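Position 18 (the sequence shown) corresponds to 1051 in my numbering; numbering is contiguous. For every residue, glycine included, the Cβ atom is placed at its ideal position computed from N, Cα and C. The model shown is predicted, which means the values in this text are computed figures rather than measured ones. These notes concern the structure reproduced below.
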Amino acid sequence: MKHFLLFLLTFNLSVHPQTFRINRPVPDTIQTNGSYLFGEPRYQDPANAHRGIDILVRWDTVRSASNGSVYFVGYNPNDTIGGYEPNGAGNYVVIRSMYNGRIVYFYYMHLKQPLVDTNDIILTSQPIAISGNTGRSTGAHLHFEIRYDSPNSTSRKTRNPELWCAITGMGAIYGRVPNAPNSTRVDIYPDPKPRPPYTTFSYALTYNFNDPYIGSDEVYNENYAIGDVKPGTYTIRSINNTYVRTVTVGPGQIVNADQPNDVDLTLPFPEEFALMQNYPNPFNPTTVISFKIPEESYVQLKIYDVLGNEIATLINEEKSAGEYHQFFDAYGLSSGVYVYTIIAQSQSGKLYRESKKMMLLK
C-alpha cells in the first residue's frame, strides 16, 4: 500500500459533554458482546479478565475505528486456523493513534487475513482485515482491544471499547459500585439493547478486580459499563438493591449513572492563548501538538525545519474557542529538530504567535 508523508488529525475538546471517541469497526447490524463482556473472568483463565469486546463479524471486512498508522501486523499465511499466535490472538493488526494527547493502540484479533502492512497510514473506516477464527477462538469473530500508552497489555492500560464506540444512535451508561467484590452483577431495566441485532443481554458485570490488567478510564473512573444502550430511561440495581440509579440516555450520549442530573459536564473556555509542548517529545514518528484559543480565531499551525523551510501546514482555518489536540505523523521525515509555529488572529483583533521546538528520533 502507498505511504504518505504526513497524517493529520485534530481533536476538539472545547465544550462538549462526553461522547464516543472512535468509529465502530463493523456495520451497525453486527452484534457486540452477546454475553462475554469487558472485565469478565476469562473462560480459559478465570483469575484474569477479558480485556476487550467480542464483535460477531464472521469472515467479513473489519474497518479501522480511527485514523492512525499500522504499528504491527501478525500474520501466518500458511495457518488460517491457529494464526500468528495459535494460543492467543491468532492473526492480528495493531493500529497506533492519538487521543487527548496520549498514544492509543487499537488491537484487532482472530483475523483470517490482514489487508494492511506495518507503517501504512490508515484512515477511519478504511478496510484493514477480514475477520476469522484464528488463535484461541471459540468461533469466527473480532476481538477488539484498546490499550493506552503502550502496545503491551501492562497493568491498568486496557480500556473498555463500549465507552469508545457504539451502534449509530445508541448511547452508553457507566458508573462505580462502591466496594464491589469480584463478579458483582449490575442489572438494568428495561432491556436497553436494540433488537436486532442483539438476542439476550440485559446486565453487566463489574470488572474483575483481582486482575491488575484491567483499568478504569481516567475520565469515567468506572467499574461497570453498559454499551449500545437505546435512548430512554433506565433503572440500574446492584448488591441487593443497595446501589440503585435512574438514568436517561439520549442518542450518542455517554451518561454517568452516579452524576446528579443538574451538574454541567461541559468544559470551560480557555482564558488565554497557549501553545503547549508536543507530547511525546522526542517522538517517533507520531506526536500531538496542543493549543488553546479563548475566542473564535483564524488559526495557522505549521511545521518547519531548522533552516526555516516549511514542512507542512497542519491547520489553516477558522476555529471556535476551545482546546485542540493536533495529531502529527512524521513518517518519511529524517531525524532531527523541527519547529512548530501557531498564528491565531481573533475576531476581536488579538494576534497570537508562538513557536516551539520538537525532536524526531528514529
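Own chain residues within Cβ distance below 7 Å of residue i, not counting five before or after
i, result
"A1199", "F1053, R1057, A1205, G1260 and D1261"
"V1370", "V1339, K1390 and M1392"
"D1291", "G1208, R1209 and R1278"
"E1255", "Y1207, G1208, R1209 and S1249"
"T1201", "D1061"
"V1090", "V1059, I1063, S1164, H1174 and L1175"
"S1158", "N1056, R1096 and S1097"
Supposed contact pair residue j and residue i - C-beta distance, whole angstroms, cut 8 Å
i, j, result
"K1389", "Q1310", "6 Å"
"N1215", "R1169", "Rounded, the Cβ-Cβ distance is 23 Å, inconsistent with contact."
"Y1253", "P1184", "Going by Cβ atoms, the distance from Y1253 to P1184 rounds to 22 Å, so no, they are not a contact pair."
"L1175", "V1059", "7 Å"
"A1162", "V1126", "5 Å"
"G1285", "F1177", "Incorrect: roughly 19 Å between the Cβ atoms, too far for contact."
"E1329", "E1351", "7 Å"
"G1072", "I1287", "In fact, because the Cβ distance is near 17 Å, the residues do not count as touching under 8 Å."
"V1280", "P1264", "Not really, about 11 Å apart at Cβ, beyond 8 Å."
"Y1312", "T1319", "Actually they do not touch by this definition, with Cβ atoms about 10 Å apart."
Residues near residue i by beta carbon distance below 6 Å, same chain, minus five either side
i, result
"L1156", "N1100"
"Y1222", "T1268"
"F1324", "L1308, Y1357 and I1375"
"N1109", "G1116 and Y1117"
"R1075", "N1081 and H1083"
"V1372", "Y1337, S1388 and K1390"
"P1079", "none"
"Q1333", "N1349 and I1376"
"Y1270", "The question names Tyr, but residue 1270 is Arg in the sequence shown. Taken in chain order, the residues that qualify are D1220 and V1277."
Alpha-carbon spacing of residue i relative to residue j, whole angstroms
i, j, result
"E1305", "S1186", "38 Å"
"P1225", "N1212", "25 Å"
"I1088", "A1258", "16 Å"
"R1278", "D1220", "10 Å"
"M1405", "R1386", "Nothing about residue 1405 can be reported from this structure: the residues present for the chain run from 1034 to 1395 only."
"T1266", "S1368", "54 Å"
"G1365", "N1314", "18 Å"
"S1379", "Y1132", "27 Å"
"P1227", "N1289", "20 Å"
"T1167", "E1251", "33 Å"
"T1065", "F1302", "37 Å"
"Y1331", "D1362", "23 Å"
"Q1077", "Y1140", "20 Å"
"L1070", "N1274", "22 Å"
"L1148", "N1111", "16 Å"
"I1154", "R1192", "23 Å"
CB of residue i within 8 Å of CB of residue j, strictly
i, j, result
"P1326", "A1354", "Here residue 1326 is Ile; the residue named in the question, Pro, does not match the sequence. Contact flag set, yes."
"D1150", "V1106", "yes"
"T1317", "K1190", "According to the sequence displayed, residue 1317 carries Asn and not Thr. Contact flag unset, no."
"Q1359", "L1347", "yes"
"D1182", "R1129", "no"
"P1194", "I1179", "yes"
"W1197", "I1055", "yes"
Cβ-based neighbour list, residue i, same chain, cut-off 8 Å, excluding 5 preceding and 5 following
i, result
"G1165", "W1092, T1113, G1116, G1123, N1124, H1143, L1144, K1145, Q1146 and A1173"
"I1272", "V1210, A1213 and T1217"
"N1152", "H1036, S1102, V1103 and Y1364"
- Task: Report yes or no: do the stretch 1140-1156 and the stretch 1086-1097 share at least 3 C-beta pairs separated by less than 8 Å?
- Result: yes
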